[in-house]
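With UniProt numbering, the residue at position 79 of the sequence shown is 79, and numbering never jumps. Heads up, the beta-carbon is just placed ideally off N, CA and C, and yes, glycines get one too.
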Amino acid sequence: MNKSIFRNTGLVTLVSLLMACGGDNKDTPVPEPIPEVVAPDTPAPEAPIAAEITNGGFEEDTSGQTTPVGNWVFRPDQESSATSTIEVIESQEGVNTYKGTKAAEVIVNTLGDNPWGIEIAYEDLPITGGKNYEFSVWAKGEEGTSADFWIQTPAPDYGQLSLVKETLTGEWQKITLTAATAEADSLVRLAIHFSKKENINKPIYLDEFSGFILDDVPAEEIPDVQYSEVTAQSLKALAPNFNIGVAVPAGGFGNSIIDRPEIKAIIEQHFNQLSAENIMKPTYLQPTQGGFFYDDSDELVNYAKENSLTVHGHVFVWHSQIAPWMQSFQGDKAAWITMMENHITQVATHFEEEGDNDTVVSWDVVNEAFMENGKYRGEKTTNDSADESVWFENIGAEFLPLAYKAARAADPDADLYYNDYNLIWNADKLDAVISMVNDFHNNGVPIDGIGFQSHISLNSPDISTIQAHLQKVVDIRPKIKVKITELDVRMNNEGGIPLTYLTSERADEQKQYYYDIVKTYLETVPEDQRGGITIWGVIDGDSWLQTWPEPTTEWPLLFFNDYTPKPALQGVADALQELIEVAEPSAELLTNGDFEAGLDSWQSRGSATISLETTQAHSGNNSALVQGRTETWNGLQKDAKGLFTAGKTYNVSAWVKLSDDNAAVSPGVKLTLQIEHASTEYLELTTVKNVVAGDWVQLSGTYTHSITTEESAALLYVESNELTADFYVDDVSVTLVEQ
Numbered sequence: 001m002n003k004s005i006f007r008n009t010g011l012v013t014l015v016s017l018l019m020a021c022g023g024d025n026k027d028t029p030v031p032e033p034i035p036e037v038v039a040p041d042t043p044a045p046e047a048p049i050a051a052e053i054t055n056g057g058f059e060e061d062t063s064g065q066t067t068p069v070g071n072w073v074f075r076p077d078q079e080s081s082a083t084s085t086i087e088v089i090e091s092q093e094g095v096n097t098y099k100g101t102k103a104a105e106v107i108v109n110t111l112g113d114n115p116w117g118i119e120i121a122y123e124d125l126p127i128t129g130g131k132n133y134e135f136s137v138w139a140k141g142e143e144g145t146s147a148d149f150w151i152q153t154p155a156p157d158y159g160q161l162s163l164v165k166e167t168l169t170g171e172w173q174k175i176t177l178t179a180a181t182a183e184a185d186s187l188v189r190l191a192i193h194f195s196k197k198e199n200i201n202k203p204i205y206l207d208e209f210s211g212f213i214l215d216d217v218p219a220e221e222i223p224d225v226q227y228s229e230v231t232a233q234s235l236k237a238l239a240p241n242f243n244i245g246v247a248v249p250a251g252g253f254g255n256s257i258i259d260r261p262e263i264k265a266i267i268e269q270h271f272n273q274l275s276a277e278n279i280m281k282p283t284y285l286q287p288t289q290g291g292f293f294y295d296d297s298d299e300l301v302n303y304a305k306e307n308s309l310t311v312h313g314h315v316f317v318w319h320s321q322i323a324p325w326m327q328s329f330q331g332d333k334a335a336w337i338t339m340m341e342n343h344i345t346q347v348a349t350h351f352e353e354e355g356d357n358d359t360v361v362s363w364d365v366v367n368e369a370f371m372e373n374g375k376y377r378g379e380k381t382t383n384d385s386a387d388e389s390v391w392f393e394n395i396g397a398e399f400l401p402l403a404y405k406a407a408r409a410a411d412p413d414a415d416l417y418y419n420d421y422n423l424i425w426n427a428d429k430l431d432a433v434i435s436m437v438n439d440f441h442n443n444g445v446p447i448d449g450i451g452f453q454s455h456i457s458l459n460s461p462d463i464s465t466i467q468a469h470l471q472k473v474v475d476i477r478p479k480i481k482v483k484i485t486e487l488d489v490r491m492n493n494e495g496g497i498p499l500t501y502l503t504s505e506r507a508d509e510q511k512q513y514y515y516d517i518v519k520t521y522l523e524t525v526p527e528d529q530r531g532g533i534t535i536w537g538v539i540d541g542d543s544w545l546q547t548w549p550e551p552t553t554e555w556p557l558l559f560f561n562d563y564t565p566k567p568a569l570q571g572v573a574d575a576l577q578e579l580i581e582v583a584e585p586s587a588e589l590l591t592n593g594d595f596e597a598g599l600d601s602w603q604s605r606g607s608a609t610i611s612l613e614t615t616q617a618h619s620g621n622n623s624a625l626v627q628g629r630t631e632t633w634n635g636l637q638k639d640a641k642g643l644f645t646a647g648k649t650y651n652v653s654a655w656v657k658l659s660d661d662n663a664a665v666s667p668g669v670k671l672t673l674q675i676e677h678a679s680t681e682y683l684e685l686t687t688v689k690n691v692v693a694g695d696w697v698q699l700s701g702t703y704t705h706s707i708t709t710e711e712s713a714a715l716l717y718v719e720s721n722e723l724t725a726d727f728y729v730d731d732v733s734v735t736l737v738e739q
C-alpha cells in the first residue's frame, strides 16, 4: 500500500522549546497530533481487450512466404492487367521491419482498372458485435506513396466500417482506424489496397497489426453546420434537352412519392425523367405466373405524364428480384424462353402508348448479366455465391439477344439498354459488355445503349478512369447511347472514424466530385449519344445505402432529409451550366419544328410516308423519317399560312441527314415554300445542299417575303432531287430578322 504522511512539525518543535525553557504548561495548550492522511490504492489500468489477430507481426513466417500464418491473404494479381509481388521479408528491426525481423512487403509493377485489385487482407477476424474497435498497423513507404486501409464486414458483402487513405512519408508511421460494429456482427476483415500509380516500383512495408475494444464513447453532439451556398434553381432548366433523371419509390411503398408533396415539389422543379426504384422489377409486375400487377407502376407513369416527365423502365430481365415462381420455374429451354419472352412482351406492350408520345421512352432490358471477371453470371467461373442466374443456367447466353428482340418487337420506339454495376471502373467487365454489343450489331440484334449504374464512393474511381470507360462506349460503332443510370456517392467512413454528421468540408468534396462526374460525362459523350444521368434517389434518408450492407448513416444524394438542397446539387448544376449549350430565346415562328411533340402539325407530301424516328435526332430525342418518294417534290410539309409578313426578312433553317440505306447517293435537298394566292408560287427558301448518310447537314437561307396579296394557302416542305432517297429531317426553324 502506498501511503503519504503529512505532519505540521514546525508547530510541535516550537511548543517543545517553550516547555524546555520553563514556560507555564497550564496556560499553553498542546495541539492535538495531526492524523496521517493515507492516499487510496491506485490500481494499475486494465489493459483493453485485444482483438485476436494471429501473427500480426509476421514473425511466425519465413522470408519469401506468400501465404502467411493466420487469416492473412495476399492478393497480388486479382486481375490479369495488374502485376505486383506481396511477400514476407526479413530485415533488421527499424529498417524495413518496425519490430522484430519480419514484415510484409508490397511492390506494385503495373496497375489494373480495379482500384481494390492489389490487396493484403486479414479475413474473418472474430469480434464482439455492438462494440467500438480500434485497429492499427505500422507502415513505411517512400515519401508520396499511399495506401487505403479498411475495416469491412466479411466477404461477399465487404460492407465499409472504416477507411483511411494515408500518404506515406518515408519513415515508419502508425495508421489507426476505429469502427463501431453492429450488434449482429461477429466477424470483420482488415484490408489494405495499393492500386495507385504513385506506388509503381516503390516498395511499401507493413508490420505489427493489432487491435482492441474501446470503452463506450458518449454520443457526439452534432453542431449547426454551415454548408456552402446553393443557388441552383432548376437542373432541368439548365439542360432542357438532356435527361436529368431520379429514381423514386411509388405505389404501396411506405415512402411512395405519391403521398409526399415535398418530394414531388423537388422532382417537378429539378428533374425531367423518372426511374422506378423497384415497382417495375419482375417480382412486382408478375408476382404470380400470368398474374400481372400494374397498379403501382401505372400510378407512377400517370404522375409522370401529368407533369411532362418521361420514364426510364427498370427492368425486364434480372437474376435478382424475380418472383419465386420464376426462380423455381420448371421446363426445358424452350419453355424458359417462352416464359421470359412473354414477361417482356406483356410488360412492354402495357406501357407502350398509342401514337408517338410515349411516357416510358427507354428500358433496361437486361440487368447485371456479367460477373466481375467478364464471364456470364451463372457460368460458374467463380466461387462467388452471387454467380447464379436462372436465365443463363436454363437458357444460356442466348437469353440476352432473345430478350432484346422481344423488347423491340413489343415496343419499337423505346431505347433499349444493357445495365450493370462497376462498368465505370472494371475493364474486364466493360470489355465483355462491349463485345456483347458488337455481337448484337453483327447479328442484327437491337440495342440502343449501355447503362453505367455508378454506385460509387467519394473520389473512387478517379475521374480519369471514369472518362476512359465512358469513352470506350462512345467509340462503339454503330453508335449507341451512354447513360449513367443509378448514380449515388457514398460518403461515410472515410478518414478513419465513421461520421455522425456531414461536415461542411466533406459536403464540398462531394460537390466537387459530382461536378467532375457530370462534367466528364458531358465532355466525353457527344450530344447525339447522351442517354442522360439519373440520381438514385431524392433525399439521403431514402437511399438504399442507409441499410446496405447494414444500418449506417449515409449522405449519397443531392438533398438533405429536410428537403433542402446540398452543395452536391450545386456541383451538378455548375457542370450543366458550363457544358450544356442552351439556345437563347429567339423569335421562333414555327411550332414543333424539332418533332419533340411527335409529328403533330406535319403531313406527308405526295406519295411520301413520314414516321417519327427516335433513334436519330440532330437535337433532342426525335426526328422525322421521309420514305417512299416517287417525285422530287415528295417529302414532308407543314401548314405555313399566315407565317410570313410582306416586307419582313426571315432566317430559315432545317437539318437533314440521309438514311444509311442510301449510302451510295448524295442528293441535293432544299427547303421550299409553296404559296397559293392569285397564282401558285414555289419559293426556294434555302440553297440546294448535297446530303450524305451519317452526317447531319444544315439547309439555311435568308428569305424576304414580297407577296402582298392575301394567300389562300401556304405550305413549307423539304424536297430532294433524288427520287429514291430516304432522309431524316430535324430542327426546322423560321425566325424573324429584327430590322
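{"Query": "Do you know whose CA, among V734, Q546, A414, K481, lies nearest T702's CA?", "Result": "V734"}
{"Query": "Given I244, which residues of its chain have a CB within under 6 Å of its CB, disregarding the five upstream and five downstream residues?", "Result": "L235, K236, F271, N272"}
{"Query": "Mark W425 as exposed unless 16 or more other C-beta atoms lie within 10 angstroms of its C-beta, in which case mark it buried.", "Result": "buried"}
{"Query": "Ordered along the chain, which non-local residues of its own chain (more than five positions away) have a Cβ less than 6 Å from that of S611?", "Result": "L625"}
{"Query": "Looking only at C-alpha atoms, which of V482, D185, A427 sits nearest to P461?", "Result": "A427"}
{"Query": "Taking all protein chains shown into account, do 16 or more other C-beta atoms lie within 10 angstroms of the C-beta of K657, making it buried, or fewer, making it exposed?", "Result": "buried"}
{"Query": "DSSP three-state call for V38: helix, strand or coil?", "Result": "Bear in mind that a pLDDT of 49 at V38, under 50, signals an unreliable position, so the number given afterwards is only what the model happens to contain. Here V38 sits in coil by DSSP."}
{"Query": "State the Cα-Cα distance for the pair V38 and E166, rounded to the nearest angstrom.", "Result": "Bear in mind that the predicted position of V38 carries a pLDDT of just 49, short of 50, making it too unreliable to give a figure here."}
{"Query": "Hey, how far is the Cα of L285 from the Cα of F293?", "Result": "5 Å"}
{"Query": "Can you tell which of N278, I263, D730 has its C-alpha closest to the C-alpha of G252?", "Result": "N278"}
{"Query": "Let me check one thing: in DSSP terms, what residues is K481 bridge-paired to?", "Result": "G449"}
{"Query": "So the candidates are P498, T101, T547, V473; which of them puts its Cα closest to the Cα of Y521?", "Result": "V473"}
{"Query": "Using three-state DSSP, classify D259 as helix, strand or coil.", "Result": "helix"}
{"Query": "Could you tell me which residues DSSP puts in a beta bridge with V652?", "Result": "G701, V734"}
{"Query": "Given N561, which residues of its chain have a CB within under 7 Å of its CB, disregarding the five upstream and five downstream residues?", "Result": "I539, D540, G541"}
{"Query": "May I ask which residues mark the beginning and end of the alpha helix (DSSP H) holding G635?", "Result": "Taken as a continuous stretch (DSSP letters only), G635 belongs to no alpha helix (DSSP H), being part of the beta strand (DSSP E) at 635-639."}
{"Query": "Under 8 Å, do F370 and A468 count as touching if we go by C-beta distance?", "Result": "no"}
{"Query": "Quick one: give me the first and last residue of the alpha helix (DSSP H) that R605 is part of.", "Result": "Looking at the DSSP string, R605 is not in any alpha helix (DSSP H); the run it does join, the beta strand (DSSP E), is 602-605."}
{"Query": "When the Cα atoms are used, what is the spatial distance from S256 to S543?", "Result": "13 Å"}
{"Query": "What residues in its chain sit with their C-beta under 6 Å from that of P551, if we drop five residues either side in the sequence?", "Result": "none"}
{"Query": "Since K670 is in the beta strand (DSSP E), which residue starts that stretch and which ends it?", "Result": "668-676"}
{"Query": "Using three-state DSSP, classify F392 as helix, strand or coil.", "Result": "helix"}
{"Query": "Report buried or exposed for W363, applying the criterion of at least 16 other Cβ atoms within 10 angstroms of its Cβ.", "Result": "buried"}
{"Query": "Between the stretch 127-143 and the stretch 435-452, do at least 3 Cβ pairs fall closer than 8 Å?", "Result": "no"}
{"Query": "Between E59 and the rest of its own chain, which residues show a CB-CB distance below 6 Å, the 5 nearest in sequence each way excluded?", "Result": "G100, K102"}
{"Query": "Is T465 helix, strand or coil when you go by DSSP?", "Result": "helix"}
{"Query": "Is the beta carbon of S210 closer than 8 Å to that of K174?", "Result": "no"}
{"Query": "State the start and end residues of the unbroken beta strand (DSSP E) segment that holds L715.", "Result": "713-720"}
{"Query": "Excluding the 5 residues flanking D148 on each side, which residues of the same chain have their C-beta closer than 6 Å to its C-beta?", "Result": "K165, H193"}
{"Query": "May I ask you to report which of helix, strand or coil DSSP gives W425?", "Result": "coil"}
{"Query": "With a CB to CB cut of under 7 Å and the five nearest residues on each side skipped, what residues in its chain are close to P287?", "Result": "F293, A323"}
{"Query": "Please go through the same chain and pick out, in chain order, the residues whose beta-carbon is closer than 6 Å to the beta-carbon of P412, but skip the five residues on each side of it.", "Result": "none"}
{"Query": "Taking K333 as part of the alpha helix (DSSP H), name the residues at either end of that continuous run.", "Result": "333-351"}
{"Query": "Just to confirm the assignment, what range does the beta strand (DSSP E) spanning Q173 have?", "Result": "173-180"}
{"Query": "Pull up the CB-CB distance for I49 and I213, whole angstroms please, since I reckon it's below 8 Å.", "Result": "5 Å"}
{"Query": "Can you check whether the CB of I53 is closer than 8 Å to the CB of L125?", "Result": "yes"}
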